[in-house]
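Novice: This is the structure I have questions about; it appears just below.
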Amino acid sequence: DVVMTQSPLSLPVTLGQPASISCRSSQSLVHSDGNTYLNWFQQRPGQSPRRLIYKVSNWDSGVPDRFSGSGSGTNFTLKISRVEAEDVGVYYCMQGTHWPLFTFGQGTKLEIK
Amino acid sequence: QVQLVESGGGVVQPGRSLRVSCAASGFTFSTYPMHWVRQAPGKGLEWVAVISFDGTNKYYADSVKGRFTISRDNSKNTLYLQMYTLRPDDTAVYYCGGAGYWGQGTLVTVSS
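Protein chains in written order, with this note's numbering: chain A, 1376 to 1488; chain B, 179 to 290.
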């Protein structure tokens, strides 16, 4: 099974400062079709998950452009250029390459310092 | 506007069964694979099951294989998760998702 490992697990950030979350997979996430199915989700306190980024770096509708995704192979990063108060929550990476088994990372809790 | 609305959660005794549903609207439900994901209290997200767009292929996490059944009715734009032989560690909020969207979840509590 593919294991997704996120770091850090806790991320205190000052408002207006950048933030970065790492996600590493135990196997390459490059699919035989050439795509890399790595998604990022945000879960605000008390809310359901919301997908922010799909296929490494593509924004879902309505996602602010201060969020960006990058990476390849087994190493991926979610960056927030300037953290705002509404960004507080838990962020998860999820792989969909190794269909039909999907795997989430443990989650990274972003909080304001 | 895309909506996914789960229902059917509740309190159930260990060993009993329960079916949760997910009503979809605002997108072409019949063209997308659909997932169930769950979240135990205070824990992270756990993928549970996926079903292909036409319902012919179904896959499960090892933790629920043989006990849970995912299904869909494309004529009703509805996704289902039938849960059998429930255990206390199945206690979680169950979310349905597809096409990049997720519902608000329904809480299933397994307790005597």
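Just so it is clear, CB atoms sit at the ideal spot from N, CA and C, and this is done for glycine as well.
Just so it is clear, the structure is predicted and the values come from calculations on it, not from any experiment.
Mind reading off the beta-carbon distance from residue 1478 of chain A to residue 1405 of chain A? Whole number of angstroms is fine, and I expect it under 8 Å.
Specialist: Translated into positions along the first sequence, residue 1478 of chain A becomes position 103. Translated into positions along the first sequence, residue 1405 of chain A becomes position 30. Not confirmed; about 15 Å, so no contact.
Novice: Quick one: Cα of residue 250 of chain B to Cα of residue 1387 of chain A, how far?
Specialist: Along the second sequence, read from residue 1 onward, the residue named residue 250 of chain B stands at position 72. Along the first sequence, read from residue 1 onward, the residue named residue 1387 of chain A stands at position 12. Approximately 42 Å between the Cα atoms of the pair.
Novice: I'd like to know whether the C-beta atoms of residue 270 of chain B and residue 216 of chain B end up nearer to each other than 7 Å.
Specialist: What you label residue 270 of chain B is simply residue 92 of the second sequence in a count that begins at 1. What you label residue 216 of chain B is simply residue 38 of the second sequence in a count that begins at 1. A contact, by the Cβ cut-off of 7 Å.
Novice: Kindly list, in the order they appear in chain A, the residues whose Cβ is closer than 8 Å to that of residue 214 of chain B.
Specialist: Taking the second sequence and counting its residues from 1, the one referred to as residue 214 of chain B is at position 36. Under the 8 Å cutoff, chain A gives no residues; its nearest Cβ is about 11 Å from residue 214 of chain B.
Novice: I'd like the list of long-range same chain contacts for residue 1467 of chain A, defined as Cβ closer than 6 Å, with 5 residues on each side in sequence excluded.
Specialist: Mapped onto the first sequence, residue 1467 of chain A falls at position 92. Only 1416, 1479, 1480 and 1482 meet the Cβ criterion.
Novice: Quick check on residue 1409 of chain A: buried or exposed, where buried means 16 or more other Cβ atoms within 10 Å of its Cβ?
Specialist: Numbered from its first residue, the first sequence carries residue 1409 of chain A at position 34. So residue 1409 of chain A counts as exposed.
Novice: Within the chosen definition, does the segment 188-198 of chain B reach the segment 1447-1464 of chain A through at least 3 CB pairs nearer than 8 Å?
Specialist: Because the criterion of three Cβ pairs below 8 Å is not met, the segment 188-198 of chain B and the segment 1447-1464 of chain A do not touch.
Novice: By Cβ distance, which residues of its chain are closer than 8 Å to residue 1420 of chain A, with the 5 residues on each side in sequence left out?
Specialist: Locating residue 1420 of chain A in the first sequence gives position 45, where the first residue counts as 1. Closer than 8 Å at Cβ, skipping near neighbours: 1463 and 1464.
Novice: Cα separation between residue 1456 of chain A and residue 225 of chain B?
Specialist: Numbered from its first residue, the first sequence carries residue 1456 of chain A at position 81. Numbered from its first residue, the second sequence carries residue 225 of chain B at position 47. Looking at the two C-alpha atoms, the distance is approximately 29 Å.
Novice: For residue 1392 of chain A, count neighbouring C-beta atoms within 10 Å of its own C-beta (all shown protein chains included) and say buried if the count is 16 or more, exposed if not.
Specialist: Working through the first sequence from its first residue, we reach residue 1392 of chain A at position 17. Residue 1392 of chain A comes out exposed.
Novice: Check whether the Cβ atoms of residue 1475 of chain A and residue 228 of chain B lie closer than 7 Å to each other.
Specialist: Position 100 of the first sequence, counted from the first residue, corresponds to residue 1475 of chain A. Position 50 of the second sequence, counted from the first residue, corresponds to residue 228 of chain B. Contact: yes.
Novice: Taking CB distances under 7 Å as the criterion, tell me whether residue 259 of chain B reaches chain A.
Specialist: Sequence index remark: in the second sequence, residue 259 of chain B carries index 81 (1-based). Residue 259 of chain B does not count as touching chain A.
Novice: When the Cα atoms are used, what is the spatial distance from residue 238 of chain B to residue 247 of chain B?
Specialist: Start at 1 with the first residue of the second sequence, and residue 238 of chain B comes out as number 60. Start at 1 with the first residue of the second sequence, and residue 247 of chain B comes out as number 69. Cα to Cα, residue 238 of chain B sits roughly 8 Å from residue 247 of chain B.
Novice: Closer than 9 Å by beta-carbon distance: list the chain B residues that pair up with residue 1457 of chain A, in chain order.
Specialist: On the first sequence, residue 1457 of chain A is found 82 positions in, with the first residue counted as 1. Per Cβ cutoff of 9 Å: no residues; residue 1457 of chain A is ~25 Å from chain B at best.
Novice: Using C-beta distances below 8 Å, list every residue in its chain close to residue 230 of chain B, excluding the 5 sequence neighbours before and after it, in chain order.
Specialist: Numbered from 1 along the second sequence, position 52 holds the residue referred to as residue 230 of chain B. Cβ neighbours of residue 230 of chain B beyond the five flanking positions: 211 and 236.
Novice: Count the other CB atoms, across all protein chains shown, that sit within 10 Å of the CB of residue 1426 of chain A; report buried if there are 16 or more and exposed otherwise.
Specialist: On the first sequence, position 51 is the one that residue 1426 of chain A refers to. It counts as buried.
Novice: Roughly how many angstroms lie between the CA atoms of residue 1554 of chain A and residue 1432 of chain A, to the nearest whole one?
Specialist: No statement about residue 1554 of chain A is possible, as the shown extent of chain A runs from 1376 to 1488 and does not include it.
Novice: Rounding to the nearest angstrom, what Cα-Cα distance links residue 209 of chain B and residue 1394 of chain A in this structure?
Specialist: Start at 1 with the first residue of the second sequence, and residue 209 of chain B comes out as number 31. Start at 1 with the first residue of the first sequence, and residue 1394 of chain A comes out as number 19. So the two alpha carbons sit approximately 36 Å from each other.
Novice: As a quick exercise: from A:1458, A:1473, A:1471 and A:1472, pick the residue whose alpha carbon is nearest that of residue 1485 of chain A.
Specialist: Looking up residue 1485 of chain A in the first sequence gives position 110. For the residues A:1458, A:1473, A:1471 and A:1472, the minimum Cα distance to residue 1485 of chain A belongs to A:1458.
Novice: Is the beta carbon of residue 1423 of chain A less than 7 Å from the beta carbon of residue 273 of chain B?
Specialist: On the first sequence, residue 1423 of chain A is found 48 positions in, with the first residue counted as 1. On the second sequence, residue 273 of chain B is found 95 positions in, with the first residue counted as 1. In this structure, residue 273 of chain B lies closer than 7 Å to residue 1423 of chain A by Cβ.
Novice: Counting only beta-carbon separations shorter than 7 Å, does residue 1443 of chain A have a partner in chain B?
Specialist: By one-based count along the first sequence, residue 1443 of chain A stands at place 68. It does not; no Cβ of chain B falls within 7 Å.
Novice: Shortest alpha-carbon distance to residue 252 of chain B belongs to which of B:207, B:265, B:260 and B:189?
Specialist: Taking the first residue of the second sequence as position 1, residue 252 of chain B is located at position 74. Ranking B:207, B:265, B:260 and B:189 by Cα distance to residue 252 of chain B puts B:207 first.
Novice: Please report how far the alpha carbon of residue 187 of chain B lies from the alpha carbon of residue 203 of chain B, in whole angstroms.
Specialist: Translated into the one-based positions of the second sequence, residue 187 of chain B becomes position 9. Translated into the one-based positions of the second sequence, residue 203 of chain B becomes position 25. Whole-angstrom Cα-Cα distance: 20 Å.
Novice: Taking only the alpha-carbon atoms, compute the straight-line gap between residue 258 of chain B and residue 281 of chain B and give it to the nearest angstrom.
Specialist: Within the second sequence, residue 258 of chain B is the residue found at index 80, counting from 1. Within the second sequence, residue 281 of chain B is the residue found at index 103, counting from 1. Looking at the two C-alpha atoms, the distance is approximately 13 Å.
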